[in-house]
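J.: Pasting in a structure now, in structure tokens, and then I'll have a few things to ask.
Protein chains in written order, with this note's numbering: chain A, 114 to 465; chain B, 114 to 465.
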């Protein structure tokens with residue numbers, strides 16, 4: 114935690130600000146370990162939780178009373194304002210008052226793409242959202258542990274999706290048992306971003322599960338991205354119900370070979386743009402070759418054309434080449450860049 | 114839609130602004146019908162969708178290209194900026210540029226508790242978040258239809274929770290089949306706020322489902338709040354597995370009588386504070402007696418102590434008295450205030 118707080122303060126310093134105040138859940142979790150609820154949108158009783166960081170001071174969380182218990186568990190200082198209750202609602206004024214109490218001065222670097230305008234009154238603020246996002250790319254060891262846990266949850270979901278998929282069920286039926294497996298593995302409800310599509314829908318690259326009935330011979334493309342204790346896992350597999358066609362076998366084999374070829378090139382100093390080019394030379398797909406993940410589900414290093422980002426030890430990278438000509442196939446693994454090359458963190462089956 | 118846009122422009126006018134720009138999903142849906150994704154937090158590829166409203170003009174949605182199709186379905190004008198893709202990410206600058214294109218002038222009333230600070234640069238803005246939230250209390254007829262649909266989804270979930278609950282399953286197991294029933298009824302994934310607790314946990318008023326194993330004789334408190342096409346439903350029931358205790362029967366009977374007593378008093382002109390007092394005189398509970406719902410899951414009219422809000426036709430009110438002494442029991446129905454009294458929209462079983 115100390116390392117990433119230093120990086121955040123360095124970002125602020127470079128922008129001429131003495132302190133940092135962030136509101137995006139990804140930034141708040143990164144700097145404090147606090148995990149804001151996100152699944153049901155903004156609360157009528159609270160503004161976004163705010164994390165404040167100043168030199169020579171512990172981090173402070175500015176939250177509603179509803180969030181106090183979770184905020185205190187982080188070991189941060191906590192300043193609260195009234196939350197869910199039976200009194201009048203004056204959330205903006207209450208949150209602004211609490212933030213004033215937490216700030217040491219008026220000069221502050223913020224993540225202005227999400228930071229509430231109402232809380233910037235009387236502040237001298239400067240936007241450092243992009244720089245802070247880039248500062249998250251190299252993970253501290255405690256972050257890697259969290260990501261391992263999230264990937265274990267992905268693996269549990271992938272195993273159940275593969276085991277339970279059968280003709281006659283809807284995509285939503287399969288989704289329900291898959292999500293349940295992940296939530297049971299985690300012991301709690303989880304936010305989950307997911308593609309779960311079957312048959313011809315796989316050619317659309319992705320999409321949410323719907324009422325389509327899965328049929329014998331279908332491919333199922335299952336991309337699971339749960340947030341566990343504030344860190345996102347990610348995983349994708351594509352499997353066939355019954356005997357796959359030759360076309361599916363071929364697309365799957367080429368996707369898997371491309372994934373393995375990229376994984377083999379992951380090492381400190383590798384250029385993200387080169388890794389993307391390697392995948393794109395082998396396979397035609399419209400999306401990134403891969404991306405970092407952590408407190409957000411897509412961050413640096415992005416494996417995209419011409420990226421000049423060089424891999425460093427401690428970066429966590431999802432690699433997910435695919436093929437979508439007529440039928441869609443995608444396979445994905447998460448790797449941790451280490452001193453020599455990388456460690457593959459994902460353990461789920463990639464078989465067709 | 115025309116009615117609520119007029120109300121929003123009146124709010125802006127009263128604040129001295131010529132136009133409205135809002136970012137909270139509840140406000141965006143209310144003014145445009147567009148339903149932003151919320152379940153996985155802020156997107157790395159987009160800022161919050163923004164709805165812009167100016168006199169004598171159609172509403173405009175400022176969204177990333179990822180959201181363009183859904184935005185166009187609303188019939189609004191749409192201004193887009195790049196979204197999910199393989200190019201460099203410059204989301205804040207892109208969104209700010211698109212917003213400038215959509216705004217007719219610099220004087221604008223915003224919902225500053227969520228409106229991104231980055232988008233307020235060069236604007237003369239004033240915060241009207243509270244006034245806009247209050248303007249949502251009376252629903253237009255198309256909104257009532259949406260709420261009926263959301264309540265039908267609640268009813269489907271309540272029926273399955275009651276039918277499927279049995280000793281030996283975890284709360285999360287019961288949650289999975291309940292959520293699946295709601296999503297199958299809606300035909301798609303849904304954001305859902307929920308309490309699903311069993312046994313002694315019911316005395317905590319609510320909480321998320323966990324790994325507790327449901328036992329014979331337990332009470333199950335099930336409060337389901339799904340968002341369907343942008344509008345939230347709400348419902349609560351408490352039921353016993355096997356033979357309920359005398360204590361449970363008594364608490365349930367008193368909760369149900371209190372609910373019925375409040376429903377009987379719902380009519381135009383009734384004072385929200387009086388309805389709260391009526392419930393609180395009969396039963397001891399720490400939360401509101403009820404609340405409005407619509408594009409947010411808690412809004413005016415709030416049935417809380419001393420509220421001076423008077424009910425009007427077109428208001429939709431959730432009424433949810435409970436009792437939490439040793440064991441927790443809560444029952445809830447949604448009503449629509451009409452000319453004479455009210456119509457109960459909920460159809461789920463309230464039996465113990």
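Just so it is clear, CB atoms sit at the ideal spot from N, CA and C, and this is done for glycine as well.
Since the structure is predicted, the reported quantities are computational estimates derived from the model, not experimental observations.
Identify the continuous alpha helix (DSSP H) that holds residue 365(A) and give its terminal residues.
T.: Counting from 1 along the first chain, the entry for residue 365(A) is found at position 252. Where residue 365(A) is concerned, the enclosing alpha helix (DSSP H) stretches over 359–378.
J.: Strictly by DSSP, which residues pair up with residue 404(A)?
T.: Indexing the first chain from 1 puts residue 404(A) at position 291. 431(A), per the DSSP bridge assignment.
J.: Looking at residue 215(A): is its Cβ nearer than 9 Å to the Cβ of residue 241(A)?
T.: Here residue 215(A) refers to the residue found at position 102 when the first chain is read from its first residue. Here residue 241(A) refers to the residue found at position 128 when the first chain is read from its first residue. In this structure, residue 241(A) does not lie closer than 9 Å to residue 215(A) by Cβ.
J.: Our contact map puts residue 363(A) next to residue 443(A) with C-beta atoms below 8 Å; I'd like the distance itself, whole angstroms only.
T.: Taking the first residue of the first chain as 1, we reach residue 363(A) at position 250. Taking the first residue of the first chain as 1, we reach residue 443(A) at position 330. Rounded, the Cβ-Cβ distance is 15 Å, inconsistent with contact.
J.: Taking 9 Å as the cut-off, decide whether the C-beta atoms of residue 423(B) and residue 382(B) are in contact.
T.: Position 310 of the second chain, counting from 1, holds the residue named residue 423(B). Position 269 of the second chain, counting from 1, holds the residue named residue 382(B). A contact, by the Cβ cut-off of 9 Å.
J.: At what residue ranges does the stretch 189–271 of chain A contain a whole run of the alpha helix (DSSP H), taking only runs of 4 or more?
T.: The qualifying runs are 204–215, 242–248.
J.: Please confirm whether residue 315(A) and residue 441(A) have their CB atoms less than 9 Å apart.
T.: By 1-based counting over the first chain, the position of residue 315(A) is 202. By 1-based counting over the first chain, the position of residue 441(A) is 328. Result yes, Cβ atoms of residue 315(A) and residue 441(A) sit closer than 9 Å.
J.: Thinking C-alpha only, which one of 128(B), 145(B), 130(B), 129(B) is nearest residue 117(B)?
T.: Mapped onto the second chain, residue 117(B) falls at position 4. The residue with the shortest Cα to Cα distance from residue 117(B) is 145(B).
J.: Could you check the C-alpha separation between residue 229(A) and residue 197(A) for me, to the nearest Å?
T.: The sequence position of residue 229(A) within the first chain is 116, counting from 1. The sequence position of residue 197(A) within the first chain is 84, counting from 1. C-alpha separation (whole angstroms): 20 Å.
J.: Secondary structure at residue 174(A), three-state DSSP: helix, strand or coil?
T.: Sequence index remark: in the first chain, residue 174(A) carries index 61 (1-based). Strand.
J.: Run the CB neighbour count on residue 234(B), radius 10 Å, all protein chains shown included, and call it buried at 16 or more, exposed below.
T.: Residue 234(B) sits at position 121 when you count from the first residue of the second chain. Residue 234(B) comes out exposed.
J.: Looking at the unbroken beta strand (DSSP E) that takes in residue 339(B), where does it start and where does it end?
T.: Within the second chain, the letter at position 226 stands for residue 339(B). Taken as a continuous stretch (DSSP letters only), the beta strand (DSSP E) holding residue 339(B) covers 332–341.
J.: In its own chain, which residues sit with a C-beta less than 8 Å from the C-beta of residue 272(A), not counting the 5 before and 5 after it?
T.: Walking along the first chain from the start, residue 272(A) turns up at place 159. The answer, listed in chain order, is 294, 461, 462.
J.: Can you tell me whether residue 351(B) is buried or exposed, with buried defined as 16 or more other CB within 10 angstroms of its CB?
T.: Taking the first residue of the second chain as 1, we reach residue 351(B) at position 238. By the 10 Å Cβ count, residue 351(B) comes out buried.
J.: With 16 other CB atoms within 10 Å as the buried threshold, where does residue 332(A) fall?
T.: For this step, residue 332(A) is matched to residue 219 along the first chain. The residue in question, residue 332(A), is buried, as its Cβ has 16 or more Cβ neighbours within 10 Å.
J.: Can you tell me the Cα-Cα spacing of residue 345(A) and residue 456(B), whole angstroms?
T.: Locating residue 345(A) in the first chain gives position 232, counting from the first residue. Locating residue 456(B) in the second chain gives position 343, counting from the first residue. One C-alpha to the other measures close to 44 Å.
J.: What residues of chain A sit near residue 418(B), judged by a beta carbon separation below 9 Å?
T.: In the second chain, the residue the question calls residue 418(B) occupies position 305. Here the neighbours are 199, 200.
J.: Three or more beta-carbon pairs under 8 Å between the stretch 202–209 of chain B and the stretch 199–206 of chain A, yes or no?
T.: No, they do not touch.
J.: Taking 9 Å as the CB-CB limit, is residue 132(B) close to chain A?
T.: Here residue 132(B) corresponds to residue number 19 of the second chain, with the count starting at 1. It does not; no Cβ of chain A falls within 9 Å.
J.: What residues in the stretch 293–304 of chain A bring their beta carbon closer than 7 Å to a beta carbon of chain B?
T.: Listed in sequence order: 293, 296, 297, 300, 301, 302, 304.
J.: Considering only the alpha carbon of each residue, which of 365(B), 446(B), 342(B) lies closest to residue 376(B)?
T.: For the purposes of this step, residue 376(B) is taken as the residue at position 263 of the second chain. The option with the nearest alpha carbon to residue 376(B) is 446(B).
J.: I need the DSSP call for residue 458(B), collapsed to helix, strand or coil.
T.: Looking up residue 458(B) in the second chain gives position 345. DSSP places residue 458(B) in coil when its eight states are reduced to three.
J.: Just the C-alpha distance for residue 430(A) and residue 289(A), rounded to the nearest angstrom, thanks.
T.: Your numbering for residue 430(A) matches position 317 in the first chain. Your numbering for residue 289(A) matches position 176 in the first chain. Looking at the two C-alpha atoms, the distance is approximately 28 Å.
J.: Provide the residue span of the beta strand (DSSP E) that contains residue 308(B), from first to last.
T.: Residue numbering aside, residue 308(B) sits at position 195 when the second chain is read from its first letter. Unbroken beta strand (DSSP E) run through residue 308(B): 305–311.
J.: Give the interface partners of residue 434(B) over in chain C, defined as CB-CB distance under 9 Å, in chain order.
T.: The structure shown contains no chain C; its protein chains are A and B.
J.: Please report the residue range of the beta strand (DSSP E) in which residue 64(A) lies.
T.: Limits of chain A in this structure are 114 at one end and 465 at the other, which puts residue 64(A) out of reach.
J.: Of all the residues that make up the stretch 334–347 of chain A, which are near chain B by a beta-carbon distance shorter than 8 Å?
T.: Residues 338, 340.
J.: At what residues does the beta strand (DSSP E) containing residue 413(B) begin and finish?
T.: The residue you call residue 413(B) lines up with position 300 of the second chain. Element bounds for residue 413(B): 412–416.
J.: Would you mind working out which of 372(A), 416(A), 458(A) sits nearest residue 436(A), comparing C-alpha positions?
T.: The residue you call residue 436(A) lines up with position 323 of the first chain. Looking at the Cα atoms, 372(A) is the closest of the given residues.
J.: Per DSSP, which one or two residues make a beta bridge with residue 423(B)?
T.: As a first step, residue 423(B) is located in the second chain; it is residue number 310 there, counting from the start. Paired residues: 384(B).
J.: Pull up the distance between the alpha-carbon of residue 224(A) and that of residue 270(B), whole angstroms please.
T.: Within the first chain, residue 224(A) is the residue found at index 111, counting from 1. Within the second chain, residue 270(B) is the residue found at index 157, counting from 1. Looking at the two C-alpha atoms, the distance is approximately 39 Å.
J.: Do you know offhand how far residue 416(A)'s Cα is from residue 404(A)'s?
T.: For the purposes of this step, residue 416(A) is taken as residue 303 along the first chain, with counting starting at 1. For the purposes of this step, residue 404(A) is taken as residue 291 along the first chain, with counting starting at 1. Going from the Cα of residue 416(A) to the Cα of residue 404(A) covers about 6 Å.
J.: Might you give, ordered along the chain, the residues of its own chain that have their beta carbon closer than 8 Å to the beta carbon of residue 374(B), omitting 5 neighbours on each side?
T.: Your numbering for residue 374(B) matches position 261 in the second chain. Excluding sequence neighbours, residue 374(B) sits near 391, 392, 395.
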